[in-house]
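S.K.: The working numbering applies: residue 195 is where the sequence shown begins, and numbers increase by one.
Even glycine gets a Cβ: it sits at the ideal position worked out from N, Cα and C.
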Amino acid sequence: MAGDVLRILIYTGKGGVGKTSVAAATALRAARMGYRTMLMSTDAAHSVSDSLEVPLSGKTTKVEENLDALEVDMLYELETRWREVQRYVTNFMMSQGMDGITSKEMAVLPGMELMSALFYVEDFYKRNAYDLVVMDTAPTGETLRLLSFPEVSEWYSERLYKMMKNMLKLARMTVGKVVDTPLPSDELLRDLEDLAARMRRVQGILTDPKVTSIRLVVNPEKMVINETKRAFTYFCLYGLTVDGLVVNRLYPEESDAYFKDKLEEQRKYMQVIKESFSPLRIMTCFQQPVELVGVKSLEKMGDMVFGDLDPTMPLSLDKPLEIFTDGEFDVVSIKLPFTMKEQVNLFKTADSLLVEVGHYRRSVILPVTLASKEPVKAEFKDDRLLVKFKEGAKG
Ligand SMILES: Nc1ncnc2c1ncn2[C@@H]1O[C@H](COP(=O)(O)OP(=O)(O)OP(=O)(O)O)[C@@H](O)[C@H]1O
Ligand SMILES: [Mg+2]
């Protein structure tokens, strides 16, 4: 057994690379090894059911011994988990002259699938309901957006607030005037507070490498590799541990002459992958002659990807964010692969360090002892950004 903690594996990658297949293959393999496993889809365009060839829904379905599966169903989640939020949004929209059904659909916010899934995870964690939760996600962009919520506690209310404002604008344009705008109820405000607290707990679970591992899925193709390198950087920026990478759809070396060019290219990209992601554990899976659906094919895929490896074991406990003291300096160390110093912007506020890389920004809350000090130096050492703080000095 992997230990007495729940393990969470989140598969992510560019569209169509094989996330769903690898996630299903992992869950199946773990279940057959005796782990109590939950396979959960957070992609609104669910395909776990197609992959396993088993009908699934928004409620837990038993697939076989030790294996449950669930495809997060937003309408069901809205009726239950997001009831107050939904009621408010719906009333609000209807007060603006929109019909009930459209209003109801408008209450589905981007990222709600994954967020609902994370709340399930928190619940499983508390109840010790499973040994392993495998999460299949939507293509990288959406997953990153959600897992990267900088101030978790504000994420939801901010979104909701922005949406309210936009809707108000829309209503003004279409109806001409705003009529009887309902005020948020006490229940809604309590719900939002409760959500924020839960999000903080979920973040604790997500950033513990003994519990949560992100696994990247790629194909040996330039665009896929580049997008995945960027994703890797951002996961590190947000403190999430990436512990492995699956290269899917490899052509076997003994493929016939027709594939000669393809193989040449593939060797080149495998080299790029190794150089880029080392020392990350790399697993591989060959392109199959037929579509990979059904339990039999998934079993085969699991064999190829994991061999003798226990799929539930953390393959790395590397912490992307560390804070320590080194002689005269206090150091904030952030793993930022594929990043140059010029791409990084740093700002210090009263209690946090803001780190900006490209469009992504993370606010690192500083321990009290550090908050009173000033950053005096920032440098890269290997793939880590070291920000050094010193007493009293003005940076
Ligand atoms: N190694 C493989 N050999 C043959 N077919 C494969 C392989 N891996 C995946 N497939 C097939 O490719 C298609 C896409 O795979 P999958 O749905 O797992 O990708 P995905 O990354 O989840 O896609 P999406 O981004 O749309 O969610 C499926 O039909 C699947 O059966
Ligand atoms: Mg998929």
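Please classify Gly207: is it buried, with 16 or more other beta-carbons within 10 angstroms of its beta-carbon, or exposed?
M.R.: Counting Cβ neighbours within 10 Å, Gly207 comes out buried, since at least 16 surround it.
S.K.: What is the DSSP secondary structure of Leu338, reduced to helix, strand or coil?
M.R.: If DSSP states are grouped into helix, strand and coil, Leu338 belongs with the helices.
S.K.: Considering only their Cβ atoms, is the gap separating Glu316 from Val266 smaller than 7 Å?
M.R.: Their beta carbons are not under 7 Å apart, which means Val266 does not touch Glu316 by this criterion.
S.K.: Answer yes or no: do Tyr311 and Asp237 have a C-beta to C-beta separation smaller than 7 Å?
M.R.: Position check: residue 311 holds Ala in this sequence, whereas Tyr was assumed. Contact flag unset, no.
S.K.: Between Asp262 and Thr274, how many whole angstroms is the CB-CB distance? I'm expecting something under 8 Å.
M.R.: Asp262 to Thr274, Cβ: 18 Å. No contact.
S.K.: Flag Gly552 as yes when its Cβ comes closer than 6 Å to any non-hydrogen atom of ligand 1, and as no otherwise.
M.R.: Flag unset: Cβ of Gly552 not near ligand 1.
S.K.: At a threshold of 6 Å, does Arg443 count as lining ligand 1 (C-beta to nearest heavy atom)?
M.R.: Because some heavy atom of ligand 1 lies under 6 Å away, the Cβ of Arg443 counts as near it: yes.
S.K.: My parser needs the alpha helix (DSSP H) runs of 4 or more residues fully inside the region 506–586; what are they?
M.R.: Listed in chain order, the complete alpha helix (DSSP H) runs (minimum 4 residues) inside the region 506–586 are 562–565.
S.K.: Is the beta carbon of Thr231 closer than 7 Å to that of Ala218?
M.R.: No, the pair does not count as a contact, with Cβ atoms beyond the cut-off.
S.K.: Where Ser215 and Glu458 are concerned, what is the direct C-alpha to C-alpha distance, given to the nearest angstrom?
M.R.: About 26 Å.
S.K.: So which of Leu530, Leu200, Ser491 has the shortest CA-CA distance to Val549?
M.R.: The shortest Cα separation from Val549 among Leu530, Leu200, Ser491 belongs to Leu530.
S.K.: Whole-angstrom Cβ separation of Ala239 and Thr334, contact assumed at under 8 Å?
M.R.: Their Cβ separation, rounded to whole angstroms, is 14 Å, which puts Ala239 and Thr334 out of contact at 8 Å.
S.K.: So Thr427 and Pro403 are supposed to be a Cβ contact under 8 Å. How far apart are they, rounded?
M.R.: No, Thr427 and Pro403 are not in contact; Cβ-Cβ is about 17 Å, not under 8 Å.
S.K.: Would you tell me roughly how many angstroms separate the C-alpha atoms of Gly501 and Asn420, rounded to the nearest one?
M.R.: In a straight line, the C-alpha of Gly501 is about 27 Å away from that of Asn420.
S.K.: If you drop the 5 nearest sequence neighbours on each side, which residues of the same chain put their C-beta closer than 8 Å to that of Leu540?
M.R.: Closer than 8 Å at the Cβ level, and outside the excluded window around Leu540, lie Leu547, Leu548, Val549, Glu550, Pro569, Ala572, Val581.
S.K.: Classify Leu431: buried if its beta carbon has 16 or more other beta carbons within 10 angstroms, exposed otherwise.
M.R.: Buried, because 16 or more other Cβ atoms sit within 10 Å of the Cβ of Leu431.
S.K.: Have a look at Pro561 and Phe518 and give me their C-alpha separation to the nearest angstrom.
M.R.: Near 11 Å, if we compare the C-alpha coordinates of Phe518 and Pro561.
S.K.: Give the residues whose C-beta lies closer than 6 Å to at least one heavy atom of ligand 2, in chain order.
M.R.: Every residue passing the under-6 Å Cβ criterion appears here: Lys213, Thr214, Asp237, Ser241, Asp330.
S.K.: Tell me the rounded alpha-carbon separation between Ser347 and Lys456.
M.R.: Unreliable positioning characterises Ser347 in this predicted model, as indicated by a pLDDT of 44, which lies under 50. A coordinate reading is not provided.
S.K.: In three-state DSSP terms, what is Thr274?
M.R.: Looking at Thr274 - three-state DSSP - the assignment turns out to be helix.
S.K.: Can you list, in chain order, the stretches of the alpha helix (DSSP H) that have 4 or more residues and sit fully within the region 456–506?
M.R.: The region 456–506 contains these whole alpha helix (DSSP H) runs: 489–500.
S.K.: Kindly give me the distance between the Cβ atoms of Val411 and Gly212, rounded to whole angstroms, as I take these residues to be in contact under 8 Å.
M.R.: So it is a contact: roughly 5 Å between Cβ atoms.
S.K.: Considering only their Cβ atoms, is the gap separating Asp385 from Tyr229 smaller than 7 Å?
M.R.: Their beta carbons are not under 7 Å apart, which means Tyr229 does not touch Asp385 by this criterion.
S.K.: Check whether the Cβ atoms of Gly433 and Pro514 sit closer than 7 Å, and answer yes or no.
M.R.: Yes; because the gap between Cβ atoms is below 7 Å, this pair is in contact.
S.K.: Leaving out the 5 sequence neighbours to the left and right, which residues in its chain are closer than 7 Å to Asp577 when beta-carbon positions are compared?
M.R.: The residues are Lys529, Leu530, Pro531.
S.K.: Around the Cβ of Thr563, are there at least 16 other Cβ atoms within 10 angstroms (buried) or fewer (exposed)?
M.R.: Exposed.
S.K.: Quick one: what does DSSP say Ser310 is sitting in, helix, strand or coil?
M.R.: Three-state result, Ser310: helix.
S.K.: Is DSSP giving Ser265 helix, strand or coil here?
M.R.: In the sequence as presented, Ser is not what sits at residue 265; that position holds Glu. Three-state result, Glu265: strand.
S.K.: Restricting to Cα atoms, I'd like to know which of Thr337, Ser243, Asn322 is closest to Gly209.
M.R.: Per the Cα distances, Thr337.
S.K.: By Cβ distance below 6 Å, which residues in the same chain neighbour Ala225 in space, the five residues on each side in sequence not counted?
M.R.: The answer, listed in chain order, is Thr231, Asn260, Leu261.
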